[in-house]
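Residue numbers (our numbering), protein chains in the order written: chain A, 1 to 110; chain B, 1001 to 1114. We put the CB at the ideal spot given by N, CA and C, even for glycine. To start, the structure itself, in structure tokens.
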């Protein structure tokens, strides 16, 4: 199955700034999903982008997908302290399994 | 709406003792079910998944096992815990009828093997 690799491993920004996280993967996908994990909690599904889409928005989230480069990015605009969490990408191939990388730990300082 | 429960929330067990973690899903039928382990500072490792009652697939050889005695119940077990079994265990479900297979996670169980 697929595995996404997030970059950077850690990111620290000030409240109000934008945060960009990147994800790379290796083989063809059906869709790519982004999840958030607050410390000590389960993962929460944030947004999904299909392989035939290039960009998708949801509130302050913007996801792009470049299948030719096998990469995706997650942009969080106007970040808040509550956005502090780990963010994981999960590329999905032809089956229903997802494989998660190590994530990007985002810290938003008030 | 659908909800997923895991218990216990935290567990401290000695090496060599047995383990039983339970996960139940409400508000849906015939879900795909998953067990993950997350070691400190690392990503999620898929341990088991199930597409139906009694149907279990193992992703990683280990001393853990999983069972699905009912449609919406998924159990993770071990006969003898190892120190390396410590970690954060997450159960998740996805809608088998979905085209996209988004996964929905439970709150997790923090297991410490001493």
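To the nearest angstrom, how far is it from the Cα of residue i to the Cα of residue j?
{"i": "residue 46/A", "j": "residue 69/A", "result": "22 angstroms"}
{"i": "residue 98/A", "j": "residue 92/A", "result": "6 angstroms"}
{"i": "residue 1066/B", "j": "residue 1055/B", "result": "10 angstroms"}
{"i": "residue 1075/B", "j": "residue 95/A", "result": "23 angstroms"}
{"i": "residue 1103/B", "j": "residue 1114/B", "result": "31 angstroms"}
{"i": "residue 105/A", "j": "residue 10/A", "result": "5 angstroms"}
{"i": "residue 110/A", "j": "residue 1097/B", "result": "42 angstroms"}
{"i": "residue 1072/B", "j": "residue 75/A", "result": "35 angstroms"}
{"i": "residue 44/A", "j": "residue 1006/B", "result": "15 angstroms"}
{"i": "residue 1009/B", "j": "residue 1077/B", "result": "15 angstroms"}
{"i": "residue 13/A", "j": "residue 1017/B", "result": "44 angstroms"}
{"i": "residue 66/A", "j": "residue 1003/B", "result": "34 angstroms"}
{"i": "residue 1019/B", "j": "residue 1049/B", "result": "18 angstroms"}
{"i": "residue 20/A", "j": "residue 1085/B", "result": "34 angstroms"}
{"i": "residue 1046/B", "j": "residue 41/A", "result": "17 angstroms"}
{"i": "residue 64/A", "j": "residue 57/A", "result": "9 angstroms"}
Mapping DSSP to helix, strand and coil, what is residue i?
{"i": "residue 98/A", "result": "coil"}
{"i": "residue 985/B", "result": "Here chain B has residues from 1001 to 1114 only, and residue 985/B is not among them."}
{"i": "residue 1085/B", "result": "helix"}
{"i": "residue 19/A", "result": "strand"}
{"i": "residue 83/A", "result": "helix"}
{"i": "residue 4/A", "result": "coil"}
{"i": "residue 51/A", "result": "coil"}
{"i": "residue 1048/B", "result": "strand"}
{"i": "residue 1008/B", "result": "coil"}
{"i": "residue 24/A", "result": "strand"}
{"i": "residue 78/A", "result": "coil"}
Between the Cα of residue i and the Cα atoms of the options, which residue gives the shortest distance?
{"i": "residue 61/A", "options": "5/A, 34/A, 103/A", "result": "34/A"}
{"i": "residue 6/A", "options": "73/A, 43/A, 31/A", "result": "73/A"}
{"i": "residue 112/A", "options": "10/A, 105/A, 37/A, 81/A", "result": "Residue 112/A falls outside the range modelled here, since chain A spans only 1 to 110, and no answer is possible."}
{"i": "residue 1043/B", "options": "31/A, 107/A, 87/A, 29/A", "result": "87/A"}
{"i": "residue 32/A", "options": "104/A, 105/A, 55/A, 10/A", "result": "55/A"}
{"i": "residue 3/A", "options": "36/A, 85/A, 24/A", "result": "24/A"}
{"i": "residue 83/A", "options": "36/A, 51/A, 27/A, 49/A", "result": "36/A"}
{"i": "residue 1029/B", "options": "1070/B, 1112/B, 1079/B", "result": "1070/B"}
Does the ligand MG have even one heavy atom less than 7 angstroms from the beta-carbon of residue i?
{"i": "residue 1071/B", "result": "Annotation note on the ligand MG: not contained in the displayed structure, which lists no ligands."}
Count the other C-beta atoms from every protein chain shown that fall within 10 angstroms of the C-beta of residue i, then say buried if there are 16 or more, exposed otherwise.
{"i": "residue 1038/B", "result": "buried"}
{"i": "residue 1032/B", "result": "buried"}
{"i": "residue 1083/B", "result": "exposed"}
{"i": "residue 1087/B", "result": "buried"}
{"i": "residue 90/A", "result": "buried"}
{"i": "residue 79/A", "result": "buried"}
So, does the CB of residue i fall closer than 8 angstroms to a CB anywhere in chain C?
{"i": "residue 57/A", "result": "Although the question refers to chain C, the structure presented lacks it and instead comprises the protein chains A and B."}
Give me the subset of the stretch 1097-1110 of chain B whose CB atoms are less than 7 angstroms from a CB atom of chain A, sorted by chain position.
1100, 1101, 1102, 1103, 1104, 1105, 1106, 1107, 1108
Short of 7 angstroms Cβ to Cβ, which residues in the stretch 19-36 of chain A face chain B?
31, 33
Would you list, in chain order, the members of the stretch 1039-1061 of chain B that have their beta-carbon closer than 7 angstroms to a beta-carbon of chain A?
1042, 1043, 1044, 1046, 1049
Near-chain A residues of the stretch 1069-1097 of chain B (beta-carbon distance less than 7 angstroms), N- to C-terminal order:
1090, 1094
Taking only beta carbons into account, state which residues of the stretch 1007-1038 of chain B come closer than 9 angstroms to chain A, listed in chain order.
1032, 1034, 1036, 1038
Identify each residue in the stretch 87-104 of chain A for which the Cβ-Cβ distance to at least one residue of chain B is less than 9 angstroms, and report them in chain order.
88, 90, 92, 95, 96, 97, 98, 99, 100, 101, 102, 103
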